[in-house]
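Residue numbering for the sequence shown follows the numbering used here, starting at 288 and increasing by one per position.
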Amino acid sequence: MPELNFIHAMIEKDNETGRYAERQLCTRFPPEPNGYLHIGHAKSICLNFGTALKYGGKCNLRFDDTNPVKEDTEYVESIEADVKWLGFEWAGLYFASDYFDKMYECALRLIEKGKAFVDDLSAEEIRAHRGTLTEPGRESPFRNRGVEENRRLFEEMRAGKYADGEKVLRAKIDMASPNINMRDPVIYRIAHAEHHNTGDKWCIYPMYDFAHPLEDAIEDVTHSICTLEFEDHRPLYDWVLEELEWPSPPRQIEFARLNLTNTVMSKRFLKALVDEGKVDGWDDPRMPTIAGIRRRGYTPEAIRDFCERIGVAKANSLVDVALLEHCVREDLAPKTQSRNVVFDPIKVVVTNYPSDRTEMVRVENNKDDESMGFRMLPFSNELYVDGEDFMEIPEKKYFRLFPGNEVRFKGAYFLRCDEVVKNEEGKVTELRCSYDPETKSGSGKEPPRKVKGTIHWVDARTAVKIKVRLYDRLMVPGEDGENTLNPLSLRETEAWAEPSLAEAAPGERFQFFRHGYYIADEKLTNERDKVFNEIVGLKSSWK
Ligand code: ATP
Ligand code: MG
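Okay, here's the thing in structure tokens:
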């Protein structure tokens with residue numbers, strides 16, 4: 288049995304003590320619909336939905352849309368698609384804004400209990416009164432307004448009598464609390480703004496620290512899992528529900544957010560990249576967004592595996608992005624067919640093979656798994672090989688093509704390089720080779736001698752041209768150690784592929800033999816040449 292993570296250990300403790308005895312475990316994933324989700328959110332999704340699955344509970348998808356200005360239905364739709372793509376089903380789909388009436392009532396209840404007051408201080412003045420980590424704050428001169436006055440003013444705030452910032456509603460807790468979040472926090476503000484869900488019904492909006500515990504409690508959430516920066520807000524979370532005398536309130540549990548090398552995970556930052564045209568939209572395959580990762584060709588299985596492996600911790604740390612790539616590679620290796628694709632082609636003329644003949648040779652679809660079958664490839668006297676697979680003057684331990692050397696052409700014959708043809712500039716234009724008919728692969732005959740290298744190839748007459756987009760990291764550490772945009776993150780090139788790739792379906796993944804994993808782009812489907820995105824190379828840099 289793997290060791291329980293600390294969240295699951297807490298849940299099992301709650302089960303033992305019967306804290307939520309009569310209730311089903313309930314978690315939620317609560318994104319703010321102000322951008323597309325990124326790989327950090329995937330960690331939270333896997334944790335919340337995974338925990339519900341593990342304990343026979345349920346998990347809600349809740350849009351935390353209490354901030355009218357930055358939110359948009361485009362984001363709502365993308366978030367739903369992303370959660371589904373990751374393989375999870377929500378029990379309920381909710382919008383925090385649907386609870387605005389209930390939240391308003393809760394605020395009135397606090398006012399009635401003398402636990403909230405309307406403050407006329409400006410935001411700046413409130414800040415100046417707040418104190419510091421070492422000094423207590425000062426009470427607002429409006430703190431001791433009577434219940435009646437507070438109720439009237441709050442109702443007037445709601446009715447639109449005041450301008451943005453003119454008044455706020457604050458919880459009345461303790462200006463001397465060592466926890467600054469408890470120093471009479473603002474719980475409602477005025478914002479005359481159109482909301483994507485409620486339109487202009489409201490001109491006051493609840494603050495996160497007041498709204499969030501209520502959202503959880505209204506949905507019967509038992510365990511409200513959030514990131515570490517909310518740890519200091521937990522006393523306020525508990526205070527709100529305690530003052531409202533909520534029966535068996537949810538429990539907030541904090542874990543460390545995911546940080547990845549070479550990756551900036553902030554919706555605001557990613558939105559700026561999109562708005563400034565630095566990338567080709569939220570789903571640019573270089574983006575750490577779930578939409579980008581999906582178009583890049585990463586699989587939901589690989590992401591779930593990654594989230595499992597990094598686990599949950601109580602201390603922030605930085606995860607090597609190479610681990611994510613490793614998970615992608617491990618997932619793709621057993622389930623992806625290989626195809627021959629030649630980059631930077633050099634023509635090979637097989638001088639002793641009849642020029643009017645083409646034969647079909649058998650090539651395995653996955654060299655580690657015979658059950659994935661074979662395919663037939665045309666072989667003739669004109670072929671292309673990869674630029675990397677020839678060296679006129681070979682370096683040490685180079686076992687591929689060089690003058691005088693013999694190699695196996697995968698699935699076909701041994702070929703020997705007899706002559707190198709160059710153009711006037713000295714560039715190699717053609718390799719003249721001879722083949723040995725006794726060495727046909729799969730013929731059942733032992734070849735008369737051994738060769739050290741096997742290379743891939745395509746038949747020149749039937750090969751199809753494809754467009755390939757090769758990626759490097761979007762962000763690289765600059766001189767100051769901070770991530771900056773990598774100017775070389777995208778390189779487009781052409782390659783020559785075996786004929787079947789012309790029919791690749793959008794989203795279909797392959798191993799380009801000896802190169803890496805590639806996916807037929809889902810969007811660029813009308814180009815003359817098929818477009819493939821590099822998913823990940825074959826070699827792992829993860830230790
Ligand atoms: P960002 O700063 O990128 O905008 P956010 O935290 O403001 O992220 P929310 O929409 O509020 O975005 O996040 C929804 C949920 O995802 C929250 O519970 C949040 O804690 C969690 N989350 C966000 N980023 C990460 C991360 N890097 N690792 C783990 N969980 C995360
Ligand atoms: Mg947020």
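By construction, the Cβ of each residue, glycine as well, lies at the ideal position given by its N, Cα and C atoms. Quick caveat, the model's predicted, so the values are computed rather than measured.
Label residue i either buried or exposed according to how many other C-beta atoms from any shown protein chain fall within 10 Å of its C-beta, with 16 as the threshold for buried.
i, result
"ASN335", "buried"
"ASP519", "exposed"
"ALA589", "buried"
"GLY765", "exposed"
"PHE316", "buried"
"PHE701", "buried"
"ASN603", "exposed"
"ARG748", "exposed"
"ILE680", "exposed"
"ARG778", "exposed"
"THR360", "exposed"
"ASP369", "buried"
"LEU775", "exposed"
"PHE556", "exposed"
"LYS330", "buried"
"ASN813", "exposed"
"GLU506", "buried"
"GLY579", "buried"
"MET469", "buried"
"SER384", "buried"
"VAL672", "buried"
"GLU502", "buried"
"VAL708", "exposed"
"SER427", "buried"
"LEU420", "exposed"
With DSSP run on the structure shown, which of helix, strand or coil describes residue i?
i, result
"GLU779", "strand"
"ASP746", "strand"
"GLU762", "Note that residue 762 is Met in the sequence shown, not Glu. MET762 falls in the strand class under three-state DSSP."
"PHE375", "coil"
"GLU319", "coil"
"ILE477", "strand"
"LYS601", "coil"
"PRO665", "strand"
"GLY740", "coil"
"VAL551", "coil"
"SER625", "strand"
"PHE593", "helix"
"LEU545", "strand"
"PHE293", "helix"
"PHE260", "Outside the displayed range of the chain (288 to 830) lies residue 260, so it cannot be described from this structure."
"LYS654", "coil"
"PHE429", "coil"
"ARG649", "strand"
"TYR585", "coil"
"ARG438", "helix"
"ARG538", "strand"
"ARG644", "coil"
"LEU757", "strand"
"LYS448", "coil"
"LEU528", "helix"
Is the beta carbon of residue i within less than 7 Å of some heavy atom of the ligand MN?
i, result
"PHE316", "Ligands in the displayed structure: the ligand ATP and the ligand MG; the ligand MN is not one of them."
message: Across the segment 756-765 and the segment 812-823, are there enough close Cβ pairs to call them in contact, namely three or more that are closer than 8 Å?
response: With three or more CB-CB distances shorter than 8 Å, the segment 756-765 counts as touching the segment 812-823.
Any contact between the segment 424-436 and the segment 377-394? By contact I mean 3 or more CB pairs, one from each, below 8 Å.
At 8 Å Cβ cutoff, the stretches do not touch.
Given 8 Å, three or more beta-carbon pairs between the segment 610-629 and the segment 785-797
Segments in contact, yes.
Where in the segment 395-427 do unbroken runs of the alpha helix (DSSP H), each at least 4 residues long, occur, reported from the N-terminal end onward? Listed in chain order, the complete alpha helix (DSSP H) runs (minimum 4 residues) inside the segment 395-427 are 410-416.
- In the segment 556-582, which residue ranges form an unbroken alpha helix (DSSP H) of at least 4 residues, counting only runs that do not cross its ends? Whole alpha helix (DSSP H) segments, 4+ residues: zero.
>> Suppose only complete runs of 3+ residues qualify. What are the beta strand (DSSP E) ranges in the segment 765-825, listed by chain order?
In response: Whole beta strand (DSSP E) segments, 3+ residues: 770-772, 777-784, 796-799, 803-807 and 818-824.
>> With a threshold of 8 Å, are at least 3 pairs of Cβ atoms found where one atom belongs to the segment 498-518 and the other to the segment 526-544?
In response: Contact annotation: the segment 498-518 touches the segment 526-544, with at least three C-beta pairs closer than 8 Å.
>> I'd like the ranges of any beta strand (DSSP E) spanning at least 3 consecutive residues and lying wholly in the segment 660-728.
In response: You should have 661-666, 669-672, 693-696, 701-709 and 715-723.
Worksheet item: What runs of the beta strand (DSSP E), each 3 residues or longer, lie entirely inside the segment 295-365?
Response: Runs of the beta strand (DSSP E) inside the segment 295-365: 313-316 and 345-350.
Does the pairing of the segment 660-667 with the segment 731-747 give three or more beta-carbon distances under 8 Å?
The segment 660-667 vs the segment 731-747: in contact.
If contact is defined by three or more beta carbon pairs under 8 Å, each pair taking one atom from either stretch, is the segment 335-354 in contact with the segment 455-465?
Result no; under three Cβ-Cβ pairs closer than 8 Å.
Please specify which runs of the beta strand (DSSP E), each continuous and at least 3 residues long, are wholly inside the segment 456-526, giving them in chain order. At a cut-off of 3 residues, the continuous stretches assigned as beta strand (DSSP E) that sit fully inside the segment 456-526 are 473-477, 491-493 and 510-514.
How do the segment 391-407 and the segment 440-448 stand: do at least 3 beta-carbon pairs fall below 8 Å, yes or no?
-> Segments in contact, yes.
Inset, instruction - Evaluate the contact criterion for the segment 562-576 versus the segment 337-344: three or more CB pairs, one atom per stretch, below 8 Å. - result: In short, these stretches do not touch, since the Cβ pair count stays below three.
Quick check: the segment 731-738 against the segment 781-794, are there 3 or more CB pairs under 8 Å? Not touching, per the Cβ criterion.
### Message
Can you confirm whether the segment 598-615 touches the segment 634-644 when touching is taken to mean that 3 or more C-beta pairs between the two stretches lie within less than 8 Å?
### Response
They do not touch, by the three-pair rule.
Any contact of the segment 680-692 with the segment 650-661, i.e. 3+ C-beta pairs under 8 Å?
Taking a cut-off of 8 Å on C-beta distances, the segment 680-692 does not touch the segment 650-661, as fewer than three cross pairs fall below it.
The segment 493-506 in contact with the segment 462-476 per 3-pair CB rule at 8 Å:
Yes, since at least three Cβ pairs between the segment 493-506 and the segment 462-476 fall closer than 8 Å, the two stretches touch.
Does the segment 306-315 come close enough to the segment 559-566 that 3 or more CB-CB pairs lie under 8 Å? Not touching, per the Cβ criterion.
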